[in-house]
Amino acid sequence: MVTRGFTGRNSAGDQLDRIPPGQHLVEHFPVLTAGPTPRVETADWKFTLKIGPRTIKVWNWNEFNALPKTKMTRDIHCVTSWSKLNTAWEGVIVDDILADAGIERPSDFVLAHSYDGYSTNVPLADLASGKAMVALNYEGQPLARDHGGPARLLVPHLYFWKSAKWLNALQFTERDEAGFWELRGYHIYGDPWREQRYTDD
């Protein structure tokens with residue numbers, strides 16, 4: 001785990017009701033990665049939607065940016081115990097991706113895949129109905145490479161390891177298949193309000 005810019009605890013003040021158990025508030029945005037940060041240029045970026053091994057649709061950067069954009073301001077919570085409030089994102093909600101591909105609900109489970117080989121599982125119910133997006137901008141600026149640029153998954157109501165950086169595919173699966181951290185002892189779901197950090201939580 002690589003950590004940069006992590007500087008200790010800040011007082012939550014009157015915002016304690018928005019901070020899950022075991023978390024502390026930060027003002028900065030810590031950088032956490034499972035490995036080296038890949039360099040993905042927008043000219044080479046592609047995003048693929050799959051059902052099992054079958055490719056349903058592939059978008060290049062320009063095609064993906066032509067999809068409807070949505071802005072979302074949410075609190076985010078990392079399994080390493082920091083929370084950041086009122087983070088502002090812009091991207092394409094998962095519902096609009098599925099609509100553009102002409103599919104609705106091929107299965108109940110999804111694996112998110114990234115350019116660095118990372119993966120994480122998320123139930124479709126936690127991606128649909130405006131709950132999640134493929135984020136392209138943060139705080140009005142293109143998403144920085146250290147934070148998953150050019151595109152990352154954003155699932156703000158789950159621990160932030162579920163918001164896969166450097167996203168390149170969403171794959172529908174027949175069962176809830178564990179991803180990178182889930183195979184290494186992290187919780188299969190990851191609800192911060194229930195402190196689902198590790199397998200037996």
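FYI, this note's numbering numbers position 152 of the sequence shown as 152, with every residue one higher than the one before it.
Don't be surprised by glycine CBs; every beta carbon is placed ideally from N, CA and C.
Rounding to the nearest angstrom, what Cα-Cα distance links tryptophan 138 and glycine 52 in this structure? Stepping through the sequence shown from its first residue, residue 138 is reached at position 138. Stepping through the sequence shown from its first residue, residue 52 is reached at position 52. The sequence given here has tyrosine at residue 138, not tryptophan. When rounded, the distance between both Cα atoms is 31 angstroms.
When the Cβ atoms of the segment 185-201 are set against those of the segment 150-160, are three or more pairs found closer than 8 angstroms? The segment 185-201 vs the segment 150-160: in contact.
Assess, as a yes-or-no matter, whether the segment 67-75 is touched by the segment 89-99 under the definition of 3 or more beta carbon pairs within less than 8 angstroms. Counting Cβ pairs under 8 angstroms, three or more are found: they touch.
CA-CA distance, serine 81 and histidine 187? Along the sequence shown, one-based indexing puts residue 81 at 81. Along the sequence shown, one-based indexing puts residue 187 at 187. So the alpha carbons of these two residues sit roughly 15 angstroms apart.
Please state whether DSSP places valine 40 in a helix, a strand or coil. Taking the sequence shown and counting its residues from 1, the one referred to as residue 40 is at position 40. Coil, per DSSP.
Under the assumption that arginine 152 contacts lysine 165 (Cβ atoms under 8 angstroms), give the Cβ distance between them as a whole number of angstroms. Reading the sequence shown from its first residue, position 152 is the one you call residue 152. Reading the sequence shown from its first residue, position 165 is the one you call residue 165. The beta-carbon distance between arginine 152 and lysine 165, rounded to whole angstroms, is 5 angstroms. This is short enough to meet the 8 angstroms contact definition.
Please give me, in chain order, every unbroken run of the beta strand (DSSP E) with length at least 3 that falls completely inside the segment 61-118. Complete beta strand (DSSP E) runs here, min 3: 70-77, 82-93, 109-114.
Cβ-Cβ separation, leucine 111 to threonine 173 (assumed contact under 8 angstroms), whole Å: One-based indexing of the sequence shown puts residue 173 at position 173. One-based indexing of the sequence shown puts residue 111 at position 111. In this structure threonine 173 touches leucine 111 by the C-beta definition: roughly 6 angstroms separates them, less than 8 angstroms.
Compare the C-alpha of alanine 144 against each of Ile97, His77, Glu41 and name the closest. The count along the sequence shown starts at 1 and reaches residue 144 at position 144. Of all alpha-carbon atoms in Ile97, His77, Glu41, the one lying nearest the alpha-carbon of alanine 144 is that of Glu41.
What's the gap between the Cα of aspartate 96 and the Cα of threonine 37? Here the question's residue 96 lines up with position 96 in the sequence shown. Here the question's residue 37 lines up with position 37 in the sequence shown. Distance between aspartate 96 and threonine 37, taken at the CA atoms: about 28 angstroms.
Contact check, alanine 135 vs threonine 48, beta carbons under 8 angstroms: To locate residue 135, count along the sequence shown from 1; it is residue 135. To locate residue 48, count along the sequence shown from 1; it is residue 48. Not a contact, by the Cβ cut-off of 8 angstroms.
Selection from Ser129, Pro150, Leu127 that minimises the alpha carbon distance to asparagine 60: Taking the sequence shown and counting its residues from 1, the one referred to as residue 60 is at position 60. Cα-wise, what sits closest to asparagine 60 is Pro150.
Would you give the residue range spanned by the beta strand (DSSP E) that alanine 135 belongs to? Here the question's residue 135 lines up with position 135 in the sequence shown. That run of the beta strand (DSSP E) goes 133-138.
Chain B within 8 angstroms of alanine 99, Cβ atoms only: In the structure shown, chain B does not exist; there is a single protein chain.
Which residues share a DSSP beta bridge with histidine 24? Taking the first residue of the sequence shown as 1, we reach residue 24 at position 24. Histidine 24 pairs with Trp82.
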